[in-house]
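Trainee: I have a structure here, written as structure tokens, and I will follow up with some questions on it.
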Amino acid sequence: MDLQQVLIITNNPIVKNINNAEICFVRGDQRQVLYQVLNKVAGGHTLLSHPLAGSIKTEDNPYRSVVLSTSITEANLSTLNMLEYCLGKVESGVRDGMQSRQHDQLAQDFQMIDKELLDNALQSLIRRQV
Amino acid sequence: MANIRVVHYLNQFFGQIGGEDKADITPFSKDGPIGPGTALEKAMGDDMPIVGTVICGDTYFNENLDTATEEVIALVASFKPDLLIAGPAFNAGRYGMACGAVCAAVQEKLKIPVVTGMYEENPGADMYKKNVYIVKTGNSAAQMRTAVPALARLATRLAKGEVIGSPAEEGYLARGIRKNVFHEQRGSARAVEMLLKKIKGEPFTTEYPMPVFDRVSPRPAIKDLSKAKIALVTSGGIVPKGNPDRIESSSASKFGRYDISGINDLTEETFETAHGGYDPVYANKDADRVLPVDVMRKLEREGKIGKLHDVYYATVGNGTSVANAKKYANAIGQELKQENVDGIILTST
Amino acid sequence: MVKELEEVVNVPVVHVCTVVPISMTVGANRIDPAVAIPHPLGNPQLNRDEEFALRTSIVEKALKALSTEVSEQTVF
Amino acid sequence: MQLELGNILVKDVQFGDKTEFKNGIVYVNGEELLDNIKDDRLAKMEVHIVHPGDDVRICPVKDVLEPRVKVEGGGQVFPGIFGNAEMVGSGKTNVLKGMTVLTVGKIVGFQEGIIDMSGPGAEYTPFSQTINLVILCDKVEGLPQHEHEEAVRLAGLKATRYIAEIAKNVTPDETFTFETKPLTEQLSQYPDLPKVAYVYMLQTQGLMHDTYLYGLDVKKILPTFLYPTEVMDGAIISGNCVSACDKNATYHHLNNPVIADLFVRHGKDLNFIGVVVTNENVTLLDKERSSNFTAKLVDSLKVDGVIISEEGFGNPDADLIMNCKKIEALGIKTVLVTDEYAGRDGASQSLADANPLANAVVSGGNANAIIELPSMSKVIGYIEASKIIAGGFDGALKEDGSITVEIQAITGATNELGFNRMGALEF
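Structure below.
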């Protein structure tokens with residue numbers, strides 16, 4: 000696949016102008032990104048990267064970029080299931096009142112890590128037929 | 000040490016008032032222990048007298064949940080207790096619900112430790128085990144002899160502020176709280192042990208039972224439809240003609256709340272769909288095809304249901320139903336709770 | 000949505016829906032299968048009376064679901 | 000493949016004029032050590048020695064290593080980083096037991112990793128029980144994070160190799176022999192015992208989350224087979240900076256407890272066939288592919304059961320469940336080792352994925368549990384980091400120097416190899 004077939008949902012300000020990829024910028028926290036992903040998956044887009052980051056607590060991490068296909072097929076129930084479960088995880092963190100840290104000084108580092116994970120996903124996808 | 004004042008909650012049967020015929024009796028209290036309370040008091044020892052017993056009929060309690068709870072709390076409070084014990088309810092469903100509700104309310108309002116006992120499959124156990132300690136009992140009053148010491152033991156520990164051990168040690172139903180402990184063996188050794196048992200087909204206990212899915216346990220059925228107030232909610236985007244709230248056709252950021260008192264039928268002239276995800280022709284022609292107001296009114300007239308709630312709620316589920324659910328179902332739910340509806344019909348396209 | 004309503008309002012909720020697997024996925028406990036996506040409680044092919052009867056039967060099934068005890072996800 | 004591990008019991012580590020091992024004591028010439036590991040990318044480096052019971056807090060810890068040196072057999076410890084990726088895992092290897100080399104450096108803002116040598120925090124990390132040679136590294140101005148990570152990683156590896164050299168000609172205090180035969184022979188060695196393999200998941204998400212196998216970035220591998228003894232010779236090293244509580248430090252890899260405990264029962268209760276190494280990637284297709292290959296490899300090993308260990312949390316939970324599901328579908332029994340993020344009150348959903356087939360799980364504990372760490376008279380590193388480390392939160396660092404953190408911030412606290420005795424249970 001090439002980047003034209005890729006839709007990136009992100010709230011990370013340093014994710015922009017990735018060649019031909021379609022970027023949907025979400026103003027909001029990681030939850031909002033995931034809800035947007037959920038909308039798209041329910042609308043038939045294929046989820047390509049896992050909605051959660053690895054080993055960075057969702058309630059701490061302000062930035063998240065998730066990769067989907069631009070093409071639309073039937074909504075995938077098992078993906079919806081997974082998203083629901085991931086959202087459960089994120090929401091439980093919110094309920095716990097754990098979103099308590101200041102992110103100002105960390106913002107750049109979180110942005111950089113998120114971008115790095117995104118680049119890894121794109122590199123892995125780019126040579127692939129979907 | 001001063002005595003620990005214990006209050007005991009019982010239903011009409013264990014309170015020695017009578018059987019099902021007395022199940023609608025309103026709450027009242029008596030000094031001292033009654034029925035199973037006598038054995039409980041004995042098991043707890045001299046420094047934990049049961050100073051009073053509060054009794055309420057199961058039917059009355061369950062049919063008047065809010066008022067009954069308040070009445071019971073007031074009676075409990077009048078004894079100035081340090082601890083409340085309810086039941087045990089064994090497998091009696093309504094009694095279990097009452098014991099759970101009383102315990103939860105007393106714990107929250109009076110801020111004293113509470114404990115009850117019931118059979119694992121009692122619906123009250125499922126409902127309240129997360130909030131209160133429920134000692135695991137057998138399924139009928141025949142098991143009173145084993146239930147009493149278990150209940151007394153945990154009650155004593157709770158009253159004295161002792162550290163409560165694991166469900167297995169203390170005999171209560173697991174509450175779903177994950178706590179760190181130090182095991183005898185390190186994790187890898189435990190894993191090897193568990194694997195060998197699993198391969199041999201021997202029983203083993205997982206340290207983390209997988210939640211299959213974050214389900215909500217089914218709520219009890221409506222007993223009498225002819226008295227029930229039913230609310231309609233739809234994710235099919237049915238709105239008054241002109242879409243006064245400007246509900247978006249997809250990714251809706253809000254929900255609508257519309258009064259249908261006096262409306263017997265949704266017509267092409269009065270209602271339409273704001274949904275952008277399906278062919279709107281059919282719903283625009285007759286919105287009852289998504290939100291069955293006409294049928295509900297007929298059933299209301301026929302007395303098959305008590306009342307159709309005057310307000311219905313509409314959202315747009317265009318690929319967004321799952322998403323928006325988390326955001327606004329809560330808000331709709333809070334409103335419907337205030338209105339004391341008895342059941343909800345949710346229609347989706 | 001159905002899950003949250005049941006939890007928050009603490010009363011039975013029946014989900015009248017066209018795609019039963021989705022309803023299962025979103026965690027509905029009482030499920031009442033409907034006709035088709037654009038007209039879950041109707042059928043434009045039928046005449047007015049027939050359609051009303053069809054809708055009545057679906058709603059009555061929903062009410063039956065509300066008044067039936069269930070212990071797990073149940074399709075009526 | 001047969002390996003004899005020779006443990007040299009280290010009584011103490013002290014600074015000295017010459018780096019050598021004498022009378023049970025490791026003497027370190029600090030300047031020579033720093034000389035050996037110097038890197039243009041690192042501006043300032045310091046060496047400290049800390050002991051169990053010291054009133055010392057180390058923070059933020061990047062990696063923990065253990066000095067090991069090949070005495071006999073091919074290759075060298077940390078193959079692929081050093082030398083030509085020659086196969087390791089046979090012959091003899093000496094270990095300086097009881098000490099670690101521990102790197103400290105602030106690489107990203109939210110990086111974590113506290114080791115308290117005494118007090119309540121010490122109970123949660125195994126590295127409060129070892130004598131630690133601490134190497135503190137500061138980067139030169141403007142060095143990008145991935146270069147910084149690499150520089151600190153190499154500094155740790157080089158320092159460990161430098162120290163390990165002194166163990167080469169020492170007669171070990173105790174020796175242990177581990178052997179795994181080639182597959183067909185191993186399968187027939189104990190025909191009556193259940194055959195067991197180990198599925199070893201490694202964090203491979205990208206910067207700050209990487210692991211290396213014979214020097215190769217593990218996100219680029221397909222799941223592969225290893226003899227357990229290869230791991231003991233440093234075939235797997237950590238490049239992981241995040242998630243202190245449940246990342247596998249290089250020390251954990253070298254001393255992998257699953258491998259150790261499977262060997263304890265090997266030939267008695269089970270037949271330990273070998274190790275399948277797999278990764279934890281970011282895309283779903285990569286996850287599917289890796290878990291397919293893992294299941295296929297496990298199937299080809301003809302085993303009755305596997306232990307699967309996770310590293311990290313979040314999307315790796317999906318890999319864990321996929322591996323479990325696909326291996327169980329083959330009729331092979333699984334036990335999972337993971338940890339939990341159940342919220343501070345322990346009431347939240349623990350993992351980001353679940354499946355009823357995962358019915359045998361060992362938990363390394365709830366990483367969100369809160370702990371109060373009193374102030375320490377000495378801090379090595381940057382205590383300000385505790386304000387922003389992943390387990391910390393606003394107000395975590397109090398004026399008296401005490402901090403309130405989730406145990407997530409403590410290095411190795413909820414290790415998912417099952418290194419510790421701690422675990423979470425339902426109450």
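Residue numbers (numbering that gives the first Met the number 0), protein chains in the order written: chain A, 0 to 129; chain B, 0 to 348; chain C, 0 to 75; chain D, 0 to 426. Just so it is clear, CB atoms sit at the ideal spot from N, CA and C, and this is done for glycine as well.
Is there a C-beta anywhere in chain C that falls below 7 Å from the one on A220(B)?
Mentor: Yes, because at least one Cβ of chain C sits closer than 7 Å to the Cβ of A220(B).
Trainee: Closer than 9 Å by beta-carbon distance: list the chain A residues that pair up with K61(D), in chain order.
Mentor: Chain A residues near K61(D): none, gap ~14 Å exceeds 9 Å.
Trainee: Can you give me the C-alpha to C-alpha distance between E405(D) and K180(D), rounded to a whole angstrom?
Mentor: So the two alpha carbons sit approximately 43 Å from each other.
Trainee: Verify the CB distance criterion: does S237(D) have a CB-CB separation below 7 Å to chain B?
Mentor: Cβ-Cβ to chain B under 7 Å: no for S237(D).
Trainee: Using a beta-carbon distance cut-off of less than 8 Å, what residues from the segment 106-117 of chain B approach chain D?
Mentor: For the segment 106-117 of chain B, which is checked against every Cβ of chain D, not one residue is closer than 8 Å.
Trainee: With a threshold of 6 Å on Cβ separation, who are the neighbours of R94(A) within its own chain once the five nearest residues in sequence on each side are excluded?
Mentor: Confidence at R94(A) is low in this model, with a pLDDT of 49, below 50, so the placement of that residue should be treated as unreliable; the coordinate-derived value is given next. Cβ within range, chain order: n/a, list empty.
Trainee: Do I114(D) and T129(D) have their beta-carbon atoms positioned less than 7 Å apart in this structure?
Mentor: In this structure, I114(D) does not lie closer than 7 Å to T129(D) by Cβ.
Trainee: Per DSSP, A230(B) forms a beta bridge with which residues?
Mentor: DSSP, once it has assigned bridges, lists I343(B) as partnering A230(B).
Trainee: Could you pull out every unbroken alpha helix (DSSP H) segment of at least 4 residues lying fully inside the segment 320-394 of chain D, listed in chain order?
Mentor: The segment 320-394 of chain D contains these whole alpha helix (DSSP H) runs: 384-387.
Trainee: Can you tell me the Cα-Cα spacing of N61(B) and A1(B), whole angstroms?
Mentor: Cα to Cα, the separation comes out at about 36 Å.
Trainee: Can you tell which of L186(D), L350(D), E140(D) and R67(D) has the C-alpha that lies nearest to the C-alpha of L253(D)?
Mentor: Per the Cα distances, R67(D).
Trainee: Considering only DSSP beta bridges, list what I57(D) is partnered with.
Mentor: Bridge partners of I57(D): I114(D) and I379(D).
Trainee: Is the CB-CB distance between D81(B) and I111(B) below 7 Å?
Mentor: In this structure, I111(B) lies closer than 7 Å to D81(B) by Cβ.
Trainee: Less than 7 Å separating the beta-carbons of Y250(D) and L32(D)?
Mentor: Taking 7 Å as the Cβ cut-off, Y250(D) and L32(D) do not qualify as a contacting pair.
Trainee: Per DSSP, what are the beta-bridge partners of F262(D) in this structure?
Mentor: DSSP lists no partner for F262(D).
Trainee: Hey, does Q1(D) have any beta-carbon neighbour from chain A nearer than 7 Å?
Mentor: Q1(D) does not count as touching chain A.
Trainee: Is the CB-CB distance between K114(A) and I22(A) below 7 Å?
Mentor: No, Cβ-Cβ distance for K114(A) and I22(A) is not below 7 Å.
Trainee: In whole angstroms, what separates the C-alpha of R245(B) from that of I106(D)?
Mentor: Computed Cα separation, rounded: 49 Å.
Trainee: Using C-beta distances below 6 Å, list every residue in its chain close to Q98(A), excluding the 5 sequence neighbours before and after it, in chain order.
Mentor: Note that Q98(A) scores 45 on pLDDT, short of 50, meaning its location in the model is unreliable and no value can be drawn from it.
Trainee: Which of the three DSSP states is assigned to D223(B) in this structure?
Mentor: Here D223(B) sits in coil by DSSP.
Trainee: Drop a sphere of 10 angstroms on the beta-carbon of E3(C), count the other beta-carbons inside from all chains shown, and report buried for 16 or more, exposed for fewer.
Mentor: When all chains shown are included, E3(C) counts as buried.
Trainee: Compare the C-beta of E318(D) against all C-beta atoms of chain B and say whether one is closer than 7 Å.
Mentor: Note that residue 318(D) is Asp in the sequence shown, not Glu. Not an interface residue.
Trainee: Which residues in the same chain as L121(A) place their Cβ atom closer than 6 Å to its Cβ, once the five residues preceding and following it in sequence are excluded?
Mentor: Closer than 6 Å at Cβ, skipping near neighbours: no residue.
Trainee: Given that S123(A) touches chain D, what residues does it touch there, using C-beta distances under 8 Å?
Mentor: Those within 8 Å of S123(A) in chain D are N280, V281, T282, L284 and D285.
Trainee: Could you tell me the alpha carbon to alpha carbon distance between I24(B) and R93(B), rounded to whole angstroms?
Mentor: If you take the alpha carbons of I24(B) and R93(B), they lie about 14 Å apart.
Trainee: What residue ranges within the segment 12-69 of chain B form continuous beta strand (DSSP E) runs of no fewer than 3 residues, ordered along the chain?
Mentor: Complete beta strand (DSSP E) runs here, min 3: 27-30 and 49-55.
Trainee: Between G104(D), F312(D), G380(D) and V195(D), which has its C-alpha nearest A150(D)'s C-alpha?
Mentor: Nearest C-alpha to A150(D): G104(D).
Trainee: Which same chain residues, not among the five before or five after C102(B), have their C-beta less than 6 Å away from its C-beta?
Mentor: Taken in chain order, the residues that qualify are A85, V113, T115 and V131.
Trainee: Between the segment 33-43 of chain C and the segment 261-281 of chain B, can you find at least three pairs of beta-carbon atoms closer than 8 Å?
Mentor: The answer is yes - the segment 33-43 of chain C touches the segment 261-281 of chain B, with three or more Cβ pairs under 8 Å.
Trainee: Can you find a C-beta in chain B that's less than 7 Å from the C-beta of M231(D)?
Mentor: Cβ-Cβ to chain B under 7 Å: no for M231(D).
Trainee: On a Cα-Cα basis, can you pick out the residue from P11(C), H38(C), V34(C) and P37(C) that is closest to N81(C)?
Mentor: Look at the range of chain C in this structure, 0 to 75, and you will see that residue 81(C) is not part of it.
Trainee: Can you name the start and end residues of the alpha helix (DSSP H) that G108(D) belongs to?
Mentor: Careful: G108(D) lies outside any alpha helix (DSSP H) and carries neither H nor E.
Trainee: Can you confirm whether S48(A), when its beta carbon is compared against all beta carbons of chain D, has any partner nearer than 7 Å?
Mentor: It does; some Cβ of chain D falls within 7 Å.
Trainee: Looking at the structure shown, is R29(C) part of a helix, part of a strand, or coil, going by DSSP?
Mentor: Reduced to three states, the DSSP call for R29(C) is strand.
Trainee: Which ranges does the alpha helix (DSSP H) cover as unbroken runs of at least 4 residues, wholly within the segment 132-180 of chain D, from first to last along the chain?
Mentor: As far as the segment 132-180 of chain D is concerned, its whole alpha helix (DSSP H) runs of at least 4 residues are 144-163.
Trainee: With DSSP collapsed to three states, give me the class of A234(D).
Mentor: It is coil, neither helix nor strand.
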